[in-house]
Amino acid sequence: MTAQVEAVNGVSPNGSNAPSGPPAIRVEDLSTGYHEEPVLQHVDLSVAAGSLVGLIGPNGSGKSTLFKTMTGLHEPWTGRVLINGKPGKPGADVAYVPQTETVDWSFPVTAGQVVMMGRYPRLGLIRWPRKRDHEIVDRSLEKVGMSGFKDRQIGQLSGGQRQRVFLARALAQEPSILLLDEPVSGVDATTQHQIFELLDQLCEEGVTTIVASHDLSCVAQRFDQVLLLNRTVHGYGPPDEVLTQDLLNKTFQSHLLLLRLGTRTFVVEDPDHFQHD
Amino acid sequence: MIEWIMEPLGYSFLLRGFVAAIMIGIICAVVGTFVVLKGLAFIGDALAHIAFTGIVVAFLVGFSFYIGALAAAIIAALGIGTVSQRTGVSTDTSIGIFFSGIFALGIVLMSIGIHTYTIDLFSYLFGDILSVRRDDLISILILGGIVLAVIAVLYKELLFVSFDPVVAESAGLPARWLQMLLLILLSVTVVVSVQAVGIVLVVAMIVTPSATAYLITDRFGVMMALGAVFGAISAIGGFYLSYYADVPSGGSIVLVATSLFAIVAIIGPKRRNLRKILGSGGEVTQRPA
Numbered sequence: 001m002t003a004q005v006e007a008v009n010g011v012s013p014n015g016s017n018a019p020s021g022p023p024a025i026r027v028e029d030l031s032t033g034y035h036e037e038p039v040l041q042h043v044d045l046s047v048a049a050g051s052l053v054g055l056i057g058p059n060g061s062g063k064s065t066l067f068k069t070m071t072g073l074h075e076p077w078t079g080r081v082l083i084n085g086k087p088g089k090p091g092a093d094v095a096y097v098p099q100t101e102t103v104d105w106s107f108p109v110t111a112g113q114v115v116m117m118g119r120y121p122r123l124g125l126i127r128w129p130r131k132r133d134h135e136i137v138d139r140s141l142e143k144v145g146m147s148g149f150k151d152r153q154i155g156q157l158s159g160g161q162r163q164r165v166f167l168a169r170a171l172a173q174e175p176s177i178l179l180l181d182e183p184v185s186g187v188d189a190t191t192q193h194q195i196f197e198l199l200d201q202l203c204e205e206g207v208t209t210i211v212a213s214h215d216l217s218c219v220a221q222r223f224d225q226v227l228l229l230n231r232t233v234h235g236y237g238p239p240d241e242v243l244t245q246d247l248l249n250k251t252f253q254s255h256l257l258l259l260r261l262g263t264r265t266f267v268v269e270d271p272d273h274f275q276h277d
Numbered sequence: 278m279i280e281w282i283m284e285p286l287g288y289s290f291l292l293r294g295f296v297a298a299i300m301i302g303i304i305c306a307v308v309g310t311f312v313v314l315k316g317l318a319f320i321g322d323a324l325a326h327i328a329f330t331g332i333v334v335a336f337l338v339g340f341s342f343y344i345g346a347l348a349a350a351i352i353a354a355l356g357i358g359t360v361s362q363r364t365g366v367s368t369d370t371s372i373g374i375f376f377s378g379i380f381a382l383g384i385v386l387m388s389i390g391i392h393t394y395t396i397d398l399f400s401y402l403f404g405d406i407l408s409v410r411r412d413d414l415i416s417i418l419i420l421g422g423i424v425l426a427v428i429a430v431l432y433k434e435l436l437f438v439s440f441d442p443v444v445a446e447s448a449g450l451p452a453r454w455l456q457m458l459l460l461i462l463l464s465v466t467v468v469v470s471v472q473a474v475g476i477v478l479v480v481a482m483i484v485t486p487s488a489t490a491y492l493i494t495d496r497f498g499v500m501m502a503l504g505a506v507f508g509a510i511s512a513i514g515g516f517y518l519s520y521y522a523d524v525p526s527g528g529s530i531v532l533v534a535t536s537l538f539a540i541v542a543i544i545g546p547k548r549r550n551l552r553k554i555l556g557s558g559g560e561v562t563q564r565p566a
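As given, the protein sequences belong to chains A and B, one line each in that order.
The first sequence begins at 1 in my numbering and counts up by one.
The second sequence begins at 278 in my numbering and counts up by one.
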């Protein structure tokens, strides 16, 4: 099974190129939630630097809450998150692309200006963007295939284009850790393919990336590590070790069928069972 | 023509009013850029009314009007900011109750406490540029200068937080602190403007020139600069209208600003933004709870 994942991804599932030193992300006995209502309980996790992790779990399983806690947007009730070995708010080292942006699309900014915002935390007070910052913005737009839209006001872009602009802004931040919440939902197949190529490239550059996704088959094929989350960690490791019938049932508390066709793994809903989502 | 322009400026009290009006026109529009885009007009209106009660109390106690108005407006801004950040829900109703109540208290205090100053206080309600004394002008220039300097220093950060507070905070910017600062800048702007345009009309001075600029451009920085130009034009035009037609300065300045808006709304290129201002457009994605 391991060979199959390697064949698809070209990446060692065990992260043989993992550098020594502290893990990029370490979560220690984390519990948190909203208004007394717990969402995450006793989460323990250690993500090696340079990993490309697919995060899967049903709706309401705490994926977004886990991301928000990692970026410092949300406070742990108990336990802690260490980013590159350090506790506290990670700042620009962690870039976060939320699932839905709560922005006003008629705001008077262009795609290029939105991407430049990714540079702001790195620039510091009063300092204006320099040549290097403009180059990083151009490169980030190019990486997501949006170079031609730099001067377009963001409201005039399609949903998939907006999503790519926000991804470019995260890249411009030059993070060591990238957290993407459903980045390929609502984008066309070509864009989806481009985004995954980009993620592979970031992985090679040593950026630790966690991608929350609904698409289990895609996670099985595209990622070197899979994190199964439903209020707590139900499994973390290479797809062939973690994507088992038993662990999937535990995570989704419903019936999913695991299909292995040749070198590929697919996960489908079991048509014989009703699934609530 | 030149004589017509220069005549009122020959009087030092009119020249003071002229300079004050221009400064107010500019800072109102610069702060107004954030107010228009973040929908803070109602909060600005509330702060102006609360500032009035601060002015009345300052008169009763014998403080400078600036101290009373600033204290009242900034305390109110901090209260509004804290409540809206804590609850995350629309605070319109609570602000409406709170600010009307405090304004009512100011009116009652004014009528029972100060008989001789009543006319003076009415000038704060409707604005009287001729009441700007030398000390007032100095206060307007210093406070206005501080507002402009803070926005210049934190321009990038305020832009990021106004556009996308969640991601700005995740990237390490102190988003809550910056949003609170914006409300404090709004308070100072309201207080500085009250003498010239009056409590009732100060929101128009903050919102209208920026909204006019929004009808012309899709760039944040351009919107701010154009807004400042429209604010200054409104101040200058209103000043002369007030002088030659002998009408209150607050009314005349806002009338010029509104006329500019109407003209640009008819000929301006950004129809989408007009629809947003008029409340029938503007696409905002809400994150599901």
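Even for Gly, the Cβ is constructed at its ideal location relative to N, Cα and C.
- Not a single C-beta of chain A is nearer than 8 Å to the C-beta of S529 (chain B).
- In the DSSP annotation of this structure, G54 (chain A) is not part of any alpha helix (DSSP H); the continuous beta strand (DSSP E) holding it starts and ends at 52 to 56.
- Assigned with DSSP and collapsed to three states, T100 (chain A) falls in coil, not helix or strand.
- At least one CB of chain B lies nearer than 8 Å to the CB of A95 (chain A).
- Ranked by how close their Cα comes to the Cα of S408 (chain B), the residues B:G527, B:M278, B:W281 have B:G527 in first place.
- Within its own chain, the residues whose Cβ lies closer than 7 Å to the Cβ of V468 (chain B), once the five positions on either side in sequence are excluded, are A328, Y343, A346, L347, A350, listed in chain order.
- When Cβ-Cβ separations below 8 Å define contact, V47 (chain A) makes no contact with chain B.
- Where V43 (chain A) is concerned, the enclosing beta strand (DSSP E) starts and stops at 37 to 47.
- Taken atom to atom, the span from the alpha-carbon of I540 (chain B) to that of A92 (chain A) is near 44 Å.
- In the DSSP assignment, I177 (chain A) falls outside any alpha helix (DSSP H) and within the unbroken beta strand (DSSP E) covering 177 to 181.
- Residues S526, S529 of the same chain have their beta carbon placed closer than 6 Å to that of S519 (chain B), with the five preceding and five following residues left out of the count.
- Within chain B, no C-beta atom comes less than 7 Å from the C-beta of K143 (chain A); the nearest is roughly 18 Å away.
- For G145 (chain A), the CB contacts under 8 Å within the same chain, skipping 5 residues up- and downstream, are R164, T191, Q194 in chain order.
- Only residues of its own chain outside the window of five on either side were considered, and among them M116, R119, L123 have a CB closer than 7 Å to the CB of P129 (chain A), listed in chain order.
- Boundaries of the alpha helix (DSSP H) harbouring L386 (chain B): 369 to 390, taken from the DSSP string.
- Here T209 (chain A) really is in contact with V53 (chain A); their C-beta atoms are around 7 Å apart, less than 8 Å.
- For the region 496 to 507 of chain B, the set of positions with a beta-carbon nearer than 7 Å to some beta-carbon of chain A reads R496, F497, M500 in chain order.
- Boundaries of the alpha helix (DSSP H) harbouring D413 (chain B): 411 to 430, taken from the DSSP string.
- By the CB criterion at 8 Å, I417 (chain B) and M501 (chain B) fall outside the cutoff.
- DSSP, read as helix, strand or coil, puts E174 (chain A) in coil.
- Per DSSP, the beta-bridge partners of R26 (chain A) are A:S46, A:L82.
- Boundaries of the alpha helix (DSSP H) harbouring L518 (chain B): 497 to 522, taken from the DSSP string.
- Measuring C-alpha to C-alpha distances from I543 (chain B) to each of B:T489, B:V427, B:F497 identifies B:T489 as the nearest.
- For T69 (chain A), the CB contacts under 7 Å within the same chain, skipping 5 residues up- and downstream, are L30, T32, P76, V81 in chain order.
- Contact check for A509 (chain B) against I303 (chain B) passes: the beta carbons are separated by less than 8 Å.
- Contact annotation: the region 456 to 468 of chain B touches the region 422 to 438 of chain B, with at least three C-beta pairs closer than 8 Å.
- Per DSSP, the continuous alpha helix (DSSP H) segment holding L455 (chain B) begins and ends at 452 to 474.
- Annotation for V312 (chain B): the continuous alpha helix (DSSP H) segment containing it runs 289 to 315.
- If you draw a straight line from the Cα of R264 (chain A) to the Cα of S46 (chain A), it is about 27 Å long.
- Sixteen is the threshold: when 16 or more other Cβ atoms of the shown chains lie within 10 Å of the Cβ of V267 (chain A), as they do, the residue is buried.
- Annotation: the continuous beta strand (DSSP E) that includes I210 (chain A) extends over 208 to 212.
- With respect to chain A, the C-beta atom of D441 (chain B) has a partner C-beta closer than 8 Å.
- For V109 (chain A), the nearest CB of chain B lies under 8 Å from its own CB, placing it at the interface with that chain.
- Annotation: T485 (chain B) has no Cβ neighbours in chain A at a cutoff of 8 Å; minimum Cβ distance is about 17 Å.
- By the CB criterion at 8 Å, L243 (chain A) and H234 (chain A) fall outside the cutoff.
- Burial is judged here by how many other beta carbons sit within 10 angstroms of a residue's own beta carbon; N550 (chain B) has at least 16 and is buried.
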